[in-house]
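Protein chains in written order, with this note's numbering: chain C, 11 to 264; chain U, 11 to 264.
Even for Gly, the Cβ is constructed at its ideal location relative to N, Cα and C.
The model shown is predicted, which means the values in this text are computed figures rather than measured ones.
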């Protein structure tokens, strides 16, 4: 059985907050004791906030490139400047949406920059945006190391963000940083029940878990930015997000 | 808490098998009693088998179109004939893969036709393939109606298949038929904690659940083709798969 449990009572995160302390407190208040093989799934939003990734749009000077693209996509040129700064490449654009390869390597809309739930100061609140974590995989590793040191168990940590998809409506949670979890589970060469080779040989296990965990986080509030998972069905190992990146030259949708 | 429980002990499915009887038996053997709001997630493979969607490739006569495409993608022309017959449109192709819009409306590789785990007869076993269910949403509705009649509770039924994605390696479970479950949960207009409108307004809730359920099914065997879900965090309602289809004219990756 896989159980996915939202951790209640995590406060609004401020720049500089110690997430390890906050998570350990919240686990205790939820009467949850981490066991070997457990996984904590954390929304990128609180990592970003703790890291101080808020940007006041008033401080951003858009480039010529940003001004031009902003006209096409009908977005604030300062926001477009930030999106371009966070991206390796623009894949597609249309009014409202810029699909990019993020500098972290994955493809997503608007470089994952978030307008909502960002605290600013007074009347300027709506002028702040939140970038994705500076290095989500490094953040996952740091959290894991410190949490394991405190709890003396071996766990996995995954940082997720909600992404849109080609062809389908609706966002789903996807992995953007892994520590101690496989990105892809490779079953190539394993026989199936009839002794044939399997058609499906590589399972996007981290993304499957990210989606399931995202389901219980919801989006309407920040009340459950951390989710506890027990019963992940594959062995934990040192995985990396890069396992999930389809090489550009093999991608039919670039 | 969301719990996702594989239902152990479901036998290999044969054409004509009564899945309702089989599922009710398995629930009993697993000491699981369905409650209002529970969901059963079922892999398309056993629906197809019960429906007799196996095809002996020796009976397929490839068209000129199939022969030509088969040369390009280095696949058996008879298989390509079946893929084209199950599809509205070919979006992309390359050796080994044909990305299509399935006649059921979703985009997937090779029209979801499965080479593995298909029982044939004697030495011909490897010449059989398995098509997706004839009408997975109708199958979901029938299963739900009969299971509800037997158990006297209100449940949701979802049929899933494992699909590849643009940009990312690894398959994930995705919904291909819904009964009594929302496809998309629409949060448009809801304020977030700071009173702003939400950036993320449409959640692909059915696909998030499909991915989480797929995780515990695995792919290596057919032992767990049915998964029980308790704690789905959104209200059940009459949903439909079509909610999840991005209109062609709004899709940047066609």
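In or out: residue 249 (chain C) buried (at least 16 other Cβ within 10 Å) or exposed?
-> Within the first chain, numbered from 1, the residue matching residue 249 (chain C) stands at position 239. Buried.
Please report how far the alpha carbon of residue 182 (chain C) lies from the alpha carbon of residue 218 (chain U), in whole angstroms.
-> Residue mapping note: residue 182 (chain C) aligns to position 172 of the first chain, counting from 1. Residue mapping note: residue 218 (chain U) aligns to position 208 of the second chain, counting from 1. So the two alpha carbons sit approximately 6 Å from each other.
Could you check the C-alpha separation between residue 36 (chain C) and residue 153 (chain C) for me, to the nearest Å?
-> Residue numbering aside, residue 36 (chain C) sits at position 26 when the first chain is read from its first letter. Residue numbering aside, residue 153 (chain C) sits at position 143 when the first chain is read from its first letter. If you take the alpha carbons of residue 36 (chain C) and residue 153 (chain C), they lie about 15 Å apart.
How long is the line joining the alpha carbons of residue 125 (chain U) and residue 108 (chain C), rounded to whole angstroms?
-> The residue you call residue 125 (chain U) lines up with position 115 of the second chain. The residue you call residue 108 (chain C) lines up with position 98 of the first chain. The straight-line gap from Cα to Cα measures roughly 38 Å.
Quick one: what's got a C-beta closer than 7 Å to residue 224 (chain U)'s C-beta in the same chain, skipping five residues either side?
-> Walking along the second chain from the start, residue 224 (chain U) turns up at place 214. Only 170, 172, 182, 183 meet the Cβ criterion.
For residue 196 (chain U), the residue or residues it bridges with in DSSP = What you label residue 196 (chain U) is simply residue 186 of the second chain in a count that begins at 1. Paired residue(s): U:212.
Pick helix, strand or coil for residue 240 (chain U), following the three-state DSSP scheme.
-> Taking the first residue of the second chain as 1, we reach residue 240 (chain U) at position 230. If DSSP states are grouped into helix, strand and coil, residue 240 (chain U) belongs with the strands.
Return the bridge partner residues of residue 50 (chain C) from the DSSP annotation.
-> Counting from one through the first chain, the residue named residue 50 (chain C) turns up at place 40. The partner list for residue 50 (chain C) (beta bridge, DSSP) reads C:167, C:238.
Evaluate the contact criterion for the stretch 142 to 150 of chain U versus the stretch 72 to 88 of chain C: three or more CB pairs, one atom per stretch, below 8 Å.
-> No, the stretch 142 to 150 of chain U does not touch the stretch 72 to 88 of chain C.
At least one CB of chain U closer than 7 Å to the CB of residue 31 (chain C): is that the case?
-> Taking the first chain and counting its residues from 1, the one referred to as residue 31 (chain C) is at position 21. So no, residue 31 (chain C) is outside the interface.
Is there contact between the stretch 49 to 59 of chain U and the stretch 234 to 242 of chain U, where contact requires at least three CB pairs shorter than 8 Å?
-> yes
Which one or two residues does DSSP pair with residue 265 (chain C) in a beta bridge?
-> Nothing can be reported for residue 265 (chain C): it is not among the residues displayed for chain C, which extend from 11 to 264.
Run the CB neighbour count on residue 227 (chain U), radius 10 Å, all protein chains shown included, and call it buried at 16 or more, exposed below.
-> For the purposes of this step, residue 227 (chain U) is identified with residue 217 of the second chain, where counting begins at 1. Only buried fits residue 227 (chain U), as 16 or more other CB atoms lie within 10 angstroms of its CB.
Listing by chain order, which chain U residues have their CB less than 7 Å from the CB of residue 218 (chain C)?
-> For this step, residue 218 (chain C) is matched to residue 208 along the first chain. The answer, in chain order, is 182, 183, 221, 222, 224, 225.
What do you reckon, are the CB atoms on residue 54 (chain C) and residue 167 (chain C) nearer than 7 Å?
-> Stepping through the first chain from its first residue, residue 54 (chain C) is reached at position 44. Stepping through the first chain from its first residue, residue 167 (chain C) is reached at position 157. Not a contact, by the Cβ cut-off of 7 Å.
What number of angstroms, rounded off, separates the C-alpha of residue 198 (chain C) from the C-alpha of residue 180 (chain U)?
-> What you label residue 198 (chain C) is simply residue 188 of the first chain in a count that begins at 1. What you label residue 180 (chain U) is simply residue 170 of the second chain in a count that begins at 1. Each residue's alpha carbon lies about 12 Å from the other.
Between C:122, C:138, C:59, C:120, which lies nearest to residue 69 (chain C) when the distance is taken from Cα to Cα?
-> Along the first chain, one-based indexing puts residue 69 (chain C) at 59. Residue 69 (chain C) has its Cα closest to that of C:138, out of C:122, C:138, C:59, C:120.
Would a C-beta distance cut-off of 7 Å place residue 256 (chain C) and residue 140 (chain C) closer than the cut-off?
-> The residue you call residue 256 (chain C) lines up with position 246 of the first chain. The residue you call residue 140 (chain C) lines up with position 130 of the first chain. Not closer than 7 Å, so no.
What are the start and end residues of the beta strand (DSSP E) that includes residue 104 (chain U)?
-> On the second chain, position 94 is the one that residue 104 (chain U) refers to. From DSSP, the beta strand (DSSP E) with residue 104 (chain U) extends over 97 to 104.
Cα-Cα, which of C:117, C:19, C:193 is closest to residue 39 (chain C)?
-> Taking the first chain and counting its residues from 1, the one referred to as residue 39 (chain C) is at position 29. The shortest Cα separation from residue 39 (chain C) among C:117, C:19, C:193 belongs to C:19.
In chain A, what lies closer than 7 Å to residue 194 (chain C) by C-beta?
-> No chain A is part of this structure, whose protein chains are labelled C and U.
Based on Cα-Cα distance, which residue from C:196, C:254, C:211, C:159 lies nearest to residue 220 (chain C)?
-> Indexing the first chain from 1 puts residue 220 (chain C) at position 210. Closest option to residue 220 (chain C), Cα to Cα, is C:254.
Leaving out the 5 sequence neighbours to the left and right, which residues in its chain are closer than 6 Å to residue 122 (chain U) when beta-carbon positions are compared?
-> As a first step, residue 122 (chain U) must be located in the second chain, where it is residue number 112. Excluding five sequence positions before and after residue 122 (chain U), the CB atoms of its chain that fall closer than 6 Å to its own CB belong to 142, 171, given in chain order.
Among C:28, C:12, C:44, C:100, which has the Cα closest to the Cα of residue 116 (chain C)?
-> To locate residue 116 (chain C), count along the first chain from 1; it is residue 106. Looking at the Cα atoms, C:100 is the closest of the given residues.
Nearest-angstrom Cα distance between residue 156 (chain U) and residue 30 (chain U)?
-> The sequence position of residue 156 (chain U) within the second chain is 146, counting from 1. The sequence position of residue 30 (chain U) within the second chain is 20, counting from 1. The straight-line gap from Cα to Cα measures roughly 7 Å.
Could you pull the start and end residues of the beta strand (DSSP E) that residue 108 (chain C) belongs to?
-> By one-based count along the first chain, residue 108 (chain C) stands at place 98. That run of the beta strand (DSSP E) goes 107 to 112.
With a cut-off of 7 Å, does the C-beta of residue 291 (chain U) fall near any C-beta of chain C?
-> Shown here, chain U extends from 11 to 264; a query on residue 291 (chain U) therefore has no answer.
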